[in-house]
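These notes are about the structure you will find just below.
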Amino acid sequence: MSTKDFYDVLGVSKDASESDIKKAYRKLAIKYHPDKNSGDQDAEEKFKEVSAAFEVLKDAEKRRKYDQFGHDAFRGGSSSAQGVDPFDLFRDVFGGGGSGGGGGFGSIFEDFFGGGQQSGTESGKRGSDLRASINITLEQAASGIEKEIKYHHHVECDSCDGSGSADGSNKVMCSTCGGIGQVASNQGFISIRRTCPTCNGSGVTIANPCTKCRGEGRMRISDSLKVDIPAGVDDGNRLCSRGRGDAGIFGGPSGDLYVDINVKQHKTFERDGDDLFHELNIPFTLAVLGGTVNVPTLEKKVSLKIPAGTQSNKTFRIKDKGMPNLRAKNRFGDLYVKITIHVPSKLTADQRSKLVEFAKVCGDEDIDLDEGFMEKMKKIL
């Protein structure tokens, strides 16, 4: 039995009203409910603690005894709080029917979180979702492509049609859980239900199991799937193929297959959303005199006019030469071209002579050419 202070467990003061206590319980019960925290033992323990605390503090007489004697008031089974089912308590507060480990939380889970959990009493269970990944180039992301993936998943047994039973045999109610799909164990104030280890939550066992699938109703196979990758996908995007995950158990629906898209880094372009970025190195003569240069795109080269006197790090925008928009047809991002200026490290005597004359014309007679004229030119440009 937990010895934590019940008021501390619910996060309320000792003079909290009945309304405050109920409000605190509702918040914490939703937060730590096992259906919302599957496999989280810490959350399950907190759910039990919250339930035990609320079972006592919601009742005026039990609360009076607790305030007077603390946990000793309920030792030895002297209180009706002993063995309370936290799921029944949850149903009483939130409403909703159902039985089994879901404790009526399935419909409530949908109301609060937009998703449902299957009750352990259902014989058919949904198959697991699976994940795979595909690597593509930036060009393929721009044009769209069909790719084939290979993966393993469970499919319905073709011998027993997914029933798990050999021909002519029947399912019988599980003797361990009595067909509920869960077994209960008492821990202190409360009783907690767990998936039945005999029937794995289905509530039934098979007298004469199928020899091909050993009574599971499913078989694991290697499979392939052609995936249509739309134009405009980005690195990290995920596609979903409904019903291509694991087959359901005993007639339950199949899970889904999620395919993660990995776009390889490009040697020429960088991507930001639908826009592309490219760094273009041009001769310093073109930067000074101006002219036209060819710029690569994902399809073909296009002409870009470089104005005379263009400085290094100047960026030009070429409209609609980026990536296609994934959701809007005929809409494209832009291509941004950042200019860097190439200064030659070696010159012929004739080239050097002409540049010296150019420097003099520009009034740069004070440049110390012995220190490296081209280094000075780099500073100027």
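Residue 469 is where the sequence shown ends in the working numbering, and the numbering goes up by one at each step. C-beta: ideal position from N, C-alpha, C; glycine also.
Are the CB atoms of I280 and K136 within a distance shorter than 8 Å?
Counted from its first residue, the sequence shown places residue 136 at position 48. Counted from its first residue, the sequence shown places residue 280 at position 192. The answer is yes: Cβ separation under 8 Å.
Where K146 and S107 are concerned, what is the direct C-alpha to C-alpha distance, given to the nearest angstrom?
On the sequence shown, position 58 is the one that residue 146 refers to. On the sequence shown, position 19 is the one that residue 107 refers to. Rounded to the nearest angstrom, the two C-alpha atoms are 9 Å apart.
I need the DSSP call for A148, collapsed to helix, strand or coil.
Taking the sequence shown and counting its residues from 1, the one referred to as residue 148 is at position 60. DSSP places A148 in helix when its eight states are reduced to three.
How about E387 and K426: are their beta carbons less than 8 Å apart?
Locating residue 387 in the sequence shown gives position 299, where the first residue counts as 1. Locating residue 426 in the sequence shown gives position 338, where the first residue counts as 1. Contact flag unset, no.
DSSP three-state call for S253: helix, strand or coil?
Locating residue 253 in the sequence shown gives position 165, where the first residue counts as 1. Strand.
By Cβ distance below 7 Å, which residues in the same chain neighbour G379 in space, the five residues on each side in sequence not counted?
For the purposes of this step, residue 379 is taken as the residue at position 291 of the sequence shown. If we look at G379 and ignore the five residues flanking it on each side, its Cβ neighbours are I394.
My output table needs one value for H354: the three-state DSSP class, helix, strand or coil.
Residue mapping note: residue 354 aligns to position 266 of the sequence shown, counting from 1. H354: coil per DSSP, three-state reduction.
Should H242 go down as buried or exposed, given a rule of 16 or more other Cβ atoms within 10 Å for buried?
Here the question's residue 242 lines up with position 154 in the sequence shown. When all chains shown are included, H242 counts as buried.
According to the Cβ coordinates, are D344 and G361 closer than 8 Å?
Counted from its first residue, the sequence shown places residue 344 at position 256. Counted from its first residue, the sequence shown places residue 361 at position 273. No, Cβ-Cβ distance for D344 and G361 is not below 8 Å.
Using 8 Å for Cβ pairs, my map puts I233 next to I317. What's the rounded Cβ distance?
On the sequence shown, position 145 is the one that residue 233 refers to. On the sequence shown, position 229 is the one that residue 317 refers to. Rounded, the Cβ-Cβ distance is 5 Å, consistent with contact.
If I measure Cβ to Cβ from A396 and keep anything under 8 Å in the same chain, skipping five residues before and after, which residues do I get?
Counted from its first residue, the sequence shown places residue 396 at position 308. Correct list, in chain order: V376, L377 and G378.
When you compare the CB positions of A254 and I237, do they come within less than 8 Å of one another, or not?
Position 166 of the sequence shown, counted from the first residue, corresponds to residue 254. Position 149 of the sequence shown, counted from the first residue, corresponds to residue 237. No, Cβ-Cβ distance for A254 and I237 is not below 8 Å.
For the ligand GTP, any of its heavy atoms closer than 7 Å to the Cβ of A220?
Ligands displayed in this structure: none; no statement on the ligand GTP is therefore possible.
Which residue comes first and which comes last in the beta strand (DSSP E) that contains A220?
Residue numbering aside, residue 220 sits at position 132 when the sequence shown is read from its first letter. It spans L218 to I224 - the beta strand (DSSP E) in which A220 sits, taken as one unbroken run.
Let's test the definition: count the other Cβ atoms within 10 Å of the Cβ of K213 and tell me whether it reaches 16, buried, or not, exposed.
Here residue 213 refers to the residue found at position 125 of the sequence shown. Its Cβ being crowded by 16 or more others within 10 Å, K213 is buried.
Nearest to P432 by CA position, among G303, G99, T373 and D96, is which residue?
Counted from its first residue, the sequence shown places residue 432 at position 344. Per the Cα distances, T373.
Once DSSP output is grouped into helix, strand and coil, what is the label at S342?
Taking the sequence shown and counting its residues from 1, one reaches residue 342 at position 254. Note: S342 maps to coil in three-state DSSP.
Identify every residue that forms a DSSP beta bridge with F404.
For the purposes of this step, residue 404 is taken as the residue at position 316 of the sequence shown. Partner(s): V425.
Would you please state the rounded distance, in angstroms, between the beta carbons of K409 and V390? I believe it to be under 8 Å.
As a working mapping, residue 409 is identified with position 321 in the sequence shown. As a working mapping, residue 390 is identified with position 302 in the sequence shown. Right, their Cβ atoms sit about 7 Å apart.
Along the chain, which unbroken stretches of the alpha helix (DSSP H) at least 4 residues long are found entirely within the region 93-165?
Runs of the alpha helix (DSSP H) inside the region 93-165: 94-98, 106-120, 129-145 and 148-157.
One question on the structure: do L218 and D334 come within less than 8 Å of each other, judged by their Cβ atoms?
For the purposes of this step, residue 218 is identified with residue 130 of the sequence shown, where counting begins at 1. For the purposes of this step, residue 334 is identified with residue 246 of the sequence shown, where counting begins at 1. Taking 8 Å as the Cβ cut-off, L218 and D334 qualify as a contacting pair.
How far does the alpha helix (DSSP H) with E304 in it reach, from first residue to last?
As a position in the sequence shown, residue 304 is number 216, starting the count at 1. Run containing E304: none; DSSP gives neither H nor E here.
Given a cut-off of 8 Å on the beta-carbon distance, is the pair V351 and I224 in contact?
On the sequence shown, residue 351 is found 263 positions in, with the first residue counted as 1. On the sequence shown, residue 224 is found 136 positions in, with the first residue counted as 1. Result yes, Cβ atoms of V351 and I224 sit closer than 8 Å.
Quick one: give me the first and last residue of the beta strand (DSSP E) that S247 is part of.
Taking the first residue of the sequence shown as 1, we reach residue 247 at position 159. Per DSSP, S247 belongs to no beta strand (DSSP E) and is neither H nor E.
Less than 8 Å between C-beta atoms, sequence neighbours within five positions excluded: which residues of the same chain meet that for T428?
On the sequence shown, position 340 is the one that residue 428 refers to. Only E367, L368, N369, I370, S400 and N401 meet the Cβ criterion.
Alpha carbon to alpha carbon, what distance is there between D128 and A117?
Here residue 117 refers to the residue found at position 29 of the sequence shown. Here residue 128 refers to the residue found at position 40 of the sequence shown. C-alpha separation (whole angstroms): 14 Å.
Beta strand (DSSP E) containing K259: first to last residue?
If you number the sequence shown from 1, residue 259 lands on position 171. Start and end: K259 to M261.
Under the assumption that C284 contacts C248 (Cβ atoms under 8 Å), give the Cβ distance between them as a whole number of angstroms.
For this step, residue 284 is matched to residue 196 along the sequence shown. For this step, residue 248 is matched to residue 160 along the sequence shown. Contact flag wrong, Cβ pair sits at about 22 Å.
To the nearest angstrom, how far is it from the Cα of D422 to the Cα of L364?
Here the question's residue 422 lines up with position 334 in the sequence shown. Here the question's residue 364 lines up with position 276 in the sequence shown. So the alpha carbons of these two residues sit roughly 6 Å apart.
Helix, strand or coil, according to DSSP, for P318 in the structure here?
The residue labelled residue 318 in the question sits at position 230 within the sequence shown. DSSP places P318 in coil when its eight states are reduced to three.
Measuring only the C-alpha atoms, how far is C301 from K124?
For this step, residue 301 is matched to residue 213 along the sequence shown. For this step, residue 124 is matched to residue 36 along the sequence shown. Using only the alpha carbons, I get a separation of about 31 Å.
With DSSP as the reference, identify every bridge partner of R308, one or two as the case may be.
Position 220 of the sequence shown, counted from the start, is the residue given in the question as residue 308. Answer by DSSP bridge pairing, in chain order: H242.
Buried or exposed: where does V97 fall if 16 or more other Cβ atoms within 10 Å of its Cβ makes it buried?
Along the sequence shown, one-based indexing puts residue 97 at 9. Classification for V97: buried.
What number of angstroms, rounded off, separates the C-alpha of A112 from the C-alpha of F162?
For this step, residue 112 is matched to residue 24 along the sequence shown. For this step, residue 162 is matched to residue 74 along the sequence shown. Straight-line Cα distance between these residues: approximately 22 Å.
Can the beta-carbon of G250 be found less than 8 Å from the beta-carbon of R306?
Position 162 of the sequence shown, counted from the start, is the residue given in the question as residue 250. Position 218 of the sequence shown, counted from the start, is the residue given in the question as residue 306. It is a contact, given that the beta carbons lie within the stated cut-off.
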